[in-house]
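These notes are about the structure you will find just below.
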Amino acid sequence: MRMDYSALNYYGGKDQMKKFLVVALVLVLASFASAQNWFKGTLDQAVAKAKAENKLVLVDFYSGG
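Using our numbering, the first residue of the sequence shown is number 391, and each one after it goes up by one.
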């Protein structure tokens with residue numbers, strides 16, 4: 391009895407691989423389509439604009455160290 395451990399047979403065959411590639415392609419294309427327009431200004435200006443548009447404020451920051 392011969393055991394076949396190739397990736398295609400292990401993960402469900404060619405049809406499963408095609409579905410995976412299509413989903414991966416859709417996700418990559420969707421990530422490019424979701425471009426954001428970031429606000430540049432002070433926090434007070436952002437809060438005033440958000441209040442005028444009845445929206446929330448997302449504060450994004452990071453540390454390099």
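Think of the CB as a built atom: it goes at the ideal place given N, C-alpha and C, for glycine as much as any other residue.
At the level of alpha carbons, what is the spacing between residue i and residue j?
i	j	result
Asp450	Lys404	42 Å
Leu415	Lys409	10 Å
Gln435	Val412	43 Å
Leu433	Ala440	10 Å
Gly454	Gln406	41 Å
Would DSSP call residue i helix, strand or coil?
i	result
Val449	coil
Gln435	helix
Lys430	coil
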